[in-house]
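So the structure is just underneath, and the comments pick up after that.
In UniProt numbering, the protein residues as written are 1 to 283.
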């Protein structure tokens with residue numbers, strides 16, 4: 001169900017800012033001239049009664065579907081109240097989730113040494129182009145829709161995949177420069193991974209009122225970076241393998257969030273829903 005345009009603007013911008021249509025209005029005077037007049041006081045237009053009836057939410061005298069008011073869901077990767085994107089713009093978040101989840105899965109399988117594969121060079125092409133360029137592009141596309149969180153996450157991890165691919169590329173000479181001191185290489189890579197563990201932890205803290213899929217994605221990713229950091233510092237393959245398995249779990253959560261953001265009853269017989277965490281700000 002819908003409401004008039006001015007009321008929907010108020011809902012999107014919050015209760016502290018008047019809508020564009022109601023900010024001023026033109027009123028005639030006794031002499032036939034027009035004068036600008038302020039809209040009614042903001043307090044008179046605030047919603048004081050909210051009730052929920054199944055799939056519908058009643059805000060004052062207006063009724064909306066839950067889907068129209070849901071702001072914190074994995075399909076937008078935006079944990080918190082935010083302005084809804086214009087209807088003529090596509091949601092770039094599933095693209096970012098697709099690139100991240102794919103590269104995270106492949107790299108984690110390599111870190112876990114599944115089927116005895118220990119050479120990680122195969123990840124370079126996906127890391128530079130799919131996980132790097134495409135994810136960075138998805139992050140930039142989050143800018144026009146006002147999704148600061150997704151822009152930060154995808155833009156940053158796009159840079160991670162590009163930089164990781166550069167480390168593996170022989171042409172950059174990064175690994176070969178430590179040929180005389182393998183322990184220094186392990187420490188340097190540990191510093192590299194530790195920085196990403198800190199960044200991931202900060203992003204994890206921003207998902208505590210979002211969805212379980214998004215929270216678990218960053219929770220397992222944080223464990224992944226911690227295990228890889230520790231395993232690199234102490235040169236322990238078993239700890240690195242543990243990081244690989246946590247990375248697989250993180251990628252699975254990413255794929256679930258990706259599918260929940262693009263699948264619905266209009267294109268799939270098997271849509272899935274995103275489950276909210278306690279106190280998630282959905283209205």
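C-beta atoms are modelled at their ideal positions from N, C-alpha and C, and glycine is treated no differently.
*CB residue 140 to CB residue 257, shorter than 8 Å?*
In this structure, the beta-carbon distance from residue 140 to residue 257 does not fall below 8 Å.
*residue 214 versus residue 148: straight-line alpha-carbon distance, rounded*: So the alpha carbons of these two residues sit roughly 16 Å apart.
*Any C-beta of chain D sitting closer than 8 Å to the C-beta of residue 122?*
Considering every chain present, this structure includes no chain D. It has just one protein chain.
*Less than 8 Å separating the beta-carbons of residue 219 and residue 204?*
Yes.
*Might you give, ordered along the chain, the residues of its own chain that have their beta carbon closer than 7 Å to the beta carbon of residue 100, omitting 5 neighbours on each side?*
Excluding residues within five positions, the ones whose Cβ falls inside 7 Å are 131, 135, 157 and 254.
*Considering only the beta carbon of each residue, do residue 225 and residue 197 sit closer than 8 Å?*
Yes; because the gap between Cβ atoms is below 8 Å, this pair is in contact.
*With a cut-off of 8 Å, do at least 3 Cβ pairs link the segment 162-174 to the segment 236-251?*
By the Cβ test, the segment 162-174 is not in contact with the segment 236-251, since fewer than three Cβ pairs between them sit closer than 8 Å.
_Span separating the alpha-carbon of residue 251 from that of residue 88_ = Taking the straight line from one Cα to the other gives about 30 Å.
*asked:* So, under 8 Å CB-CB, residue 103 and residue 126 are touching, yes? Tell me the CB distance rounded to an integer number of Å.
replied: Your pair residue 103 and residue 126 checks out as a contact, with CB atoms roughly 5 Å apart and the cut at 8 Å.
*Please classify residue 200: does DSSP put it in a helix, a strand, or coil?*
In the structure shown, the three-state DSSP call for residue 200 is helix.
*Would the beta-carbon of residue 165 fall within 8 Å of that of residue 229?*
By the CB criterion at 8 Å, residue 165 and residue 229 fall outside the cutoff.
*Based on the DSSP output, what are the partners of residue 211 in its beta bridges?*
In the DSSP output, where bridge partners are listed per residue, residue 211 has 276.
*In angstroms, rounded to a whole number, what distance separates the CA positions of residue 82 and residue 155?*
Residue confidence is low: residue 82 scores 48 on pLDDT, short of 50, so the model does not pin down where it sits. Its coordinate-derived value is still stated next. Across the structure, residue 82 and residue 155 are spaced so that their CA atoms are roughly 19 Å apart.
*Does DSSP classify residue 144 as helix, strand or coil?*
Here residue 144 sits in coil by DSSP.
_For residue 111, tell me which candidate among 208, 265 and 227 has the shortest Cα-Cα distance._
Ranking 208, 265 and 227 by Cα distance to residue 111 puts 227 first.
_Contacts around residue 188, its chain only, beta-carbon distance under 8 Å, and the 5 residues preceding and following it disregarded_ = Setting aside the 5 residues that flank it on each side, residue 188 is surrounded in the same chain by 178, each with a C-beta closer than 8 Å to its C-beta; the list follows chain order.
*Under 8 Å between the Cβ atoms of residue 186 and residue 118?*
For residue 186 and residue 118, no; Cβs fall outside 8 Å.
*Can the beta-carbon of residue 277 be found closer than 8 Å to that of residue 209?*
A contact, by the Cβ cut-off of 8 Å.
*asked:* Nearest by alpha-carbon distance to residue 109: which of 264, 267, 262 and 245 is it?
replied: Proximity to residue 109 across 264, 267, 262 and 245 peaks at 245, based on C-alpha coordinates.
_Given a cut-off of 8 Å on the beta-carbon distance, is the pair residue 217 and residue 162 in contact?_
Residue 162 is positioned such that its CB atom lies no closer than 8 Å to that of residue 217.
*If you run the structure through DSSP and keep just helix, strand and coil, what is residue 111?*
Correct three-state label for residue 111: helix.
*Exposed or buried, what is residue 259 when buried is set at 16 or more other beta-carbons lying within 10 Å of its beta-carbon?*
Counting Cβ neighbours within 10 Å, residue 259 comes out buried, since at least 16 surround it.
*Proximal residues to residue 142 (C-beta, below 6 Å), its chain only, five neighbours per side dropped*: Taken in chain order, the residues that qualify are 92, 150 and 151.
*Taking DSSP as the reference, what is the three-state secondary structure of residue 261?*
Helix.
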